[in-house]
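Note sheet for the following structure.
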Amino acid sequence: MSQQSTEVLERLLRVNKLEWVLDIFGPSDRFLPNWIKQLNEAAAEYHARFGVSLSFTPETLEAEATKSPHKIRAFLQAICVASSPVMLVMVWRILQGLKIREISMAYRERDSFELIVRLARPEAEQDQMEEYKSRNVSDANLLHHFGTGLIDGKPLFHGFYSDRLWDKSVTSETAAAHSP
Amino acid sequence: MIGGTDIVIPAKGDPEALDASVRMILEYWPQARFENALTAEKYNHYEELPFGRLSELFVYPDALAEKAWDQGDANAPVNSMLYLILSADNMTVVLDDPYTNEMRSMLALIQSSLTWEISSTYAEAA
Numbered sequence: 001m002s003q004q005s006t007e008v009l010e011r012l013l014r015v016n017k018l019e020w021v022l023d024i025f026g027p028s029d030r031f032l033p034n035w036i037k038q039l040n041e042a043a044a045e046y047h048a049r050f051g052v053s054l055s056f057t058p059e060t061l062e063a064e065a066t067k068s069p070h071k072i073r074a075f076l077q078a079i080c081v082a083s084s085p086v087m088l089v090m091v092w093r094i095l096q097g098l099k100i101r102e103i104s105m106a107y108r109e110r111d112s113f114e115l116i117v118r119l120a121r122p123e124a125e126q127d128q129m130e131e132y133k134s135r136n137v138s139d140a141n142l143l144h145h146f147g148t149g150l151i152d153g154k155p156l157f158h159g160f161y162s163d164r165l166w167d168k169s170v171t172s173e174t175a176a177a178h179s180p
Numbered sequence: 181m182i183g184g185t186d187i188v189i190p191a192k193g194d195p196e197a198l199d200a201s202v203r204m205i206l207e208y209w210p211q212a213r214f215e216n217a218l219t220a221e222k223y224n225h226y227e228e229l230p231f232g233r234l235s236e237l238f239v240y241p242d243a244l245a246e247k248a249w250d251q252g253d254a255n256a257p258v259n260s261m262l263y264l265i266l267s268a269d270n271m272t273v274v275l276d277d278p279y280t281n282e283m284r285s286m287l288a289l290i291q292s293s294l295t296w297e298i299s300s301t302y303a304e305a306a
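Quick note, the sequences are listed as chains E and A, same order. Here the first sequence stands for residues 1 to 180, numbered as in our numbering. Here the second sequence stands for residues 181 to 306, numbered as in our numbering.
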């Protein structure tokens, strides 16, 4: 991990109006390397699942942002709340165009939480779904980024979108109040 | 032929609005093909679309429809292409016939997804 990578990641956060993240997560020289480690673990998870090498380095994300800036913005927001590389891969797959086929969530107060998201390519059969599972309640925040709609009265989750409530209008004080 | 019906839907004119619209269209046309209406650059799959550099997009239901349009087929079926135009405050969908069942449903879905986008912007401003 290079000094340059952390600088690129910090720049990405600022460009995407997430500079308040730099305030609430503490000194950037501490948490940015952790985030980069998370991104590397997501790349490893992606490779383990699909046998394809995919880079999630800040440099790669910055390059991708020139093509689809809104997707990188949404992904950066996901890094803030996702508990694991598995969930980050799930988010990335949705950004790649996979459909959200099934979501199940079970929760018992102060006892248990489980979230399962199943994705598939548009043309895929029911038995070709990818499964992403979490037992960390923080991952429930990811659902807030899913688009929702109705097709002929039936429910649809679609896409992973950035949340504008996260913009710079959220002051660092407000953000800090909501931080653990 | 592409008709003269413009459906103007209020939207925040950013790449996310175009992306959401395309995703809605894919719900109905999973084999959709795409073309940058300004440069004629083609995209066979959603993930190839450089939303940050697109403001006008042709969407075809499938490769066959795309080929027909490329060959200048004057008898192209009704609604065999959608023309999306993103502006600062709107998403315009140009199509032949907005009153077919498929188009009614598709346009309603696009509208609801873009309304959701705008409402989150209003919430931000409040």
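Where a beta carbon is used, it is the ideal one built from N, C-alpha and C, also for glycine. If you're wondering where the values come from, they're calculated on a predicted model, not measured in any experiment.
- E:Leu142 sits close to E:Ala82, with the two beta carbons spaced by under 8 Å.
- Residue state for A:Lys247 is assigned as helix, using DSSP reduced to three classes.
- In this structure, A:Leu262 is the residue among A:Leu262, A:Ser292 and A:Ala268 with its C-alpha nearest to the C-alpha of A:Thr185.
- Any Cβ of chain A closer than 8 Å to the Cβ of E:Tyr161 would place that residue at the interface, and such an atom is present.
- At a cut-off of 8 Å between beta-carbon atoms, A:Glu207 makes contact with chain E.
- In this structure, the CA atom of E:Asp111 is about 11 Å from the CA atom of E:Arg135.
- Looking at the backbone, the Cα of A:Ala248 and that of A:Met283 are separated by about 20 Å.
- Going by DSSP, A:Tyr208 is part of the alpha helix (DSSP H) stretching over Pro195 to Tyr208.
- In its chain, beyond the 5 residues on either side, Val117 and Tyr132 have a beta carbon closer than 6 Å to the beta carbon of E:Met90.
- Between A:Tyr279 and E:Gln3, the alpha-carbon positions lie close to 57 Å from each other.
- In the pairwise beta carbon analysis, the stretch 64 to 81 of chain E is classified as touching the stretch 11 to 27 of chain E: at least three pairs are separated by under 8 Å.
- Inclusion of E:Glu130 and E:Ala120 in the CB contact set at 8 Å is warranted, their separation being smaller than that value.
- Bounds of the alpha helix (DSSP H) holding E:Ser5 are Gln3 to Val15.
- Under the three-state reduction of DSSP, E:Phe160 is assigned to strand.
- Any Cβ of chain E closer than 8 Å to the Cβ of A:Gly193 would place that residue at the interface, and such an atom is absent.
- When rounded, the separation of the alpha-carbon atoms in E:Pro69 and A:Ser293 is 19 Å.
- With distances taken between CA atoms, E:Tyr161 lies nearest to E:Ala78 out of E:Ala78, E:Val86 and E:Glu102.
- Cβ atoms of A:Leu266 and A:Ala197 come within 8 Å of each other, at about 6 Å.
- Looking from the CA of A:Ala191, the closest CA among A:Thr272, A:Ala220 and A:His225 belongs to A:Thr272.
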